[in-house]
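First comes the structure, then the notes that go with it.
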Ligand code: HSE
């Protein structure tokens, strides 16, 4: 059996080397007599690379080779990955991808094609890098009614926040370090503005709740605005700031899905998830809370998940694994302004007595927070739970202060 890789970047090259390094064991686990990497599709050339002789730039060679039964897509982005993947599935080839953007935007359609053609479309590496999460949700937790899932799904932002919390580094310095270490996406905006985490929670929500969640329906905030002052106030509150992606089934048949920085308490299972590690909490009716933890990014952890899917495809050539969800109707994702939560608010004022009086009259008896060496006129507090819509109305009424930061407080 032949395998092809489309996209010879960090993950694609990890897949090629893992297929060779553990070749004997992979062939055995695949229940095949042989498995060989035949093509690597990439526009670039790789002089001196051990797989240079396999690199091609013409996709039709893969498509037209009937011996290629499994295609690995590690190109990233939606186009041309979508066109190539759908062509491969339509041609009766199984596809394995690590591409979360592709699965989050086109997953429902690609799964349907795979179903029609009786081949597999697997994407374990698209969420949580090397952490097993897609298969555990769809198989091991299949008996549960899962009503909530939340986690730290982006390693780069978790690394940045960890550096801010533990080393007092500014956001800019920590981002520079993350880029230097090779963690950040090609465009760091995908990480720091929350889009990468958004795509991942969309995939998990679709898998858990059975309907596609489109990334553009999800309220997404990144970590650019988080300052060391916010980190200090979180500490005085008894917690840390993490970028949390969450999805929850609502009683009205809709889902609440969001990505935003959040205060979480020090005793939360997610609070001690540091550096590039990811953690995903799944709340099922029979299992209760279960947390999956591990390296959410990186060449070999991600390649590990891709190659496991390749093995699964090879083992299930004649027995398609059922993975799937329906498309969703407009309005399936509830308006985030109706979410009810507590908030941390930081601001500055020239008239502390008047600002505090106004805050108390609007929000009641709030929990005031302090930090060492706070500049004159700075204040911060935590509210009781209220809707985002109500919060916006109340904040607009605070004339005595400038609001500098608003961060949600979660109970994960
Ligand atoms: N840039 C991503 C992250 C890579 O930092 O988590 C894995 O999807």
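Numbering (the numbering used here), first residue to last: 2 to 413.
In this text, a Cβ means the ideal position worked out from N, Cα and C, and glycines have one as well.
Using the C-alpha atoms, what's the distance from residue j back to residue i?
| i | j | result |
| --- | --- | --- |
| residue 54 | residue 84 | 25 angstroms |
| residue 370 | residue 348 | 12 angstroms |
| residue 93 | residue 216 | 28 angstroms |
| residue 31 | residue 162 | 40 angstroms |
| residue 234 | residue 228 | 10 angstroms |
| residue 141 | residue 122 | 19 angstroms |
| residue 40 | residue 56 | 6 angstroms |
| residue 397 | residue 338 | 15 angstroms |
| residue 125 | residue 167 | 31 angstroms |
| residue 136 | residue 381 | 43 angstroms |
| residue 386 | residue 106 | 33 angstroms |
| residue 172 | residue 9 | 31 angstroms |
| residue 292 | residue 129 | 12 angstroms |
| residue 194 | residue 180 | 15 angstroms |
| residue 365 | residue 236 | 23 angstroms |
| residue 51 | residue 232 | 46 angstroms |
| residue 311 | residue 97 | 7 angstroms |
| residue 421 | residue 413 | This structure cannot speak to residue 421, because the chain is shown only from 2 to 413. |
| residue 182 | residue 48 | 24 angstroms |
Measure how close the beta-carbons of residue i and residue j come, nearest whole angstrom, since I'm counting them as under 8 angstroms.
| i | j | result |
| --- | --- | --- |
| residue 298 | residue 184 | 6 angstroms |
| residue 155 | residue 244 | 6 angstroms |
| residue 406 | residue 226 | 7 angstroms |
| residue 79 | residue 64 | With 8 angstroms as the limit, residue 79 and residue 64 do not qualify as a contact, their Cβ atoms being about 19 angstroms apart. |
| residue 115 | residue 72 | Contact doesn't hold; Cβ gap of about 12 angstroms is too wide. |
| residue 160 | residue 277 | 5 angstroms |
| residue 212 | residue 333 | 6 angstroms |
| residue 108 | residue 279 | Contact doesn't hold; Cβ gap of about 20 angstroms is too wide. |
Label residue i either buried or exposed according to how many other C-beta atoms from any shown protein chain fall within 10 Å of its C-beta, with 16 as the threshold for buried.
| i | result |
| --- | --- |
| residue 189 | buried |
| residue 273 | exposed |
| residue 26 | exposed |
| residue 22 | exposed |
| residue 29 | exposed |
| residue 34 | exposed |
| residue 313 | buried |
Can you find the residues in the same chain that come closer than 7 angstroms, C-beta to C-beta, to residue i, ignoring five residues on each side of it along the sequence?
| i | result |
| --- | --- |
| residue 304 | 12, 15, 16 and 19 |
| residue 266 | 239, 240 and 272 |
| residue 139 | 208 and 324 |
| residue 389 | 337, 338 and 340 |
If I measure Cβ to Cβ from residue i and keep anything under 6 angstroms in the same chain, skipping five residues before and after, which residues do I get?
| i | result |
| --- | --- |
| residue 286 | 145 and 146 |
| residue 150 | 205, 209, 248 and 283 |
| residue 199 | 216, 219, 221 and 260 |
| residue 82 | 74, 76, 100 and 103 |
Beta-carbon within less than 8 angstroms of residue i's beta-carbon, same chain only, minus the 5 sequence neighbours each way: which residues are those?
| i | result |
| --- | --- |
| residue 252 | none |
Quiz item: If you scan the stretch 116-185 from start to end, which runs of the alpha helix (DSSP H) of 4 or more residues do you find wholly inside it?
Solution: 156-168 and 172-181
Exercise. Could you name each continuous beta strand (DSSP E) segment of 3 residues or more that falls completely within the stretch 240-296, going from the start of the chain to the end?
Key: 240-250, 256-266, 278-285 and 289-296
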